[in-house]
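The block underneath contains the structure these notes are about, expressed in structure tokens.
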């Protein structure tokens with residue numbers, strides 16, 4: 048059951064920009080915060096309070112909740128992609144400042160101990176992802192500021208995921224070449 052709950056909440060959060068667009072089109076603006084809050088709380092319950100993903104979900108929920116209370120509820124829920132990029136940027140940069148880098152940690156889980164060259168490579172990959180999250184967050188912020196719901200939905204619901212997929216595919220391809228050389 049926890050795996051099914053994780054899958055469902057992950058799917059809901061990935062589809063979130065499209066859900067926001069649909070709710071706005073039908074006039075359910077004030078329901079959006081509760082949909083997001085429910086998804087994030089379910090994510091916390093599925094992973095457990097001790098899991099770092101739960102801290103990310105709770106941080107995003109707290110920031111969006113505060114913004115909904117202080118400002119426009121629609122604009123506050125549109126900031127979800129901005130907050131997620133900011134949180135991921137903070138995590139990736141934080142692990143570069145206090146090693147091991149997050150990509151190094153993930154590589155060790157998959158491959159065991161790493162050579163110094165592999166560690167340097169994973170640190171560079173972590174930096175690339177940090178730069179990606181900085182740019183992605185800036186563009187997501189700009190789409191909120193534009194006030195254009197279609198632009199916000201297309202970028203945050205489609206383009207940003209395509210860009211992530213391209214970056215993952217490029218990194219995977221480069222990693223295969225680097226591994227083959229060493």
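Residue numbers (our numbering): 48 to 229.
Each residue gets a CB set at the ideal place from its N, CA and C atoms; glycine is no exception.
- Three or more beta-carbon pairs separated by less than 8 angstroms link the segment 178–192 to the segment 207–215, which places the two stretches in contact.
- A contact between stretches requires three or more CB pairs, one per stretch, nearer than 8 angstroms, and the segment 82–100 meets this requirement with the segment 55–72.
- Taken atom to atom, the span from the alpha-carbon of residue 197 to that of residue 164 is near 44 angstroms.
- Exclusion of the five residues before and after residue 127 leaves 63, 83, 107 and 111 as the residues of its chain whose Cβ lies within less than 7 angstroms of its Cβ.
- Within a 10 Å sphere around the beta-carbon of residue 93 sit 16 or more other beta-carbons, which makes this residue buried.
- Cβ neighbours of residue 129 within its own chain (closer than 6 angstroms, five residues either side excluded): 184, 187 and 188.
- The alpha-carbon separation between residue 155 and residue 161 amounts to approximately 7 angstroms.
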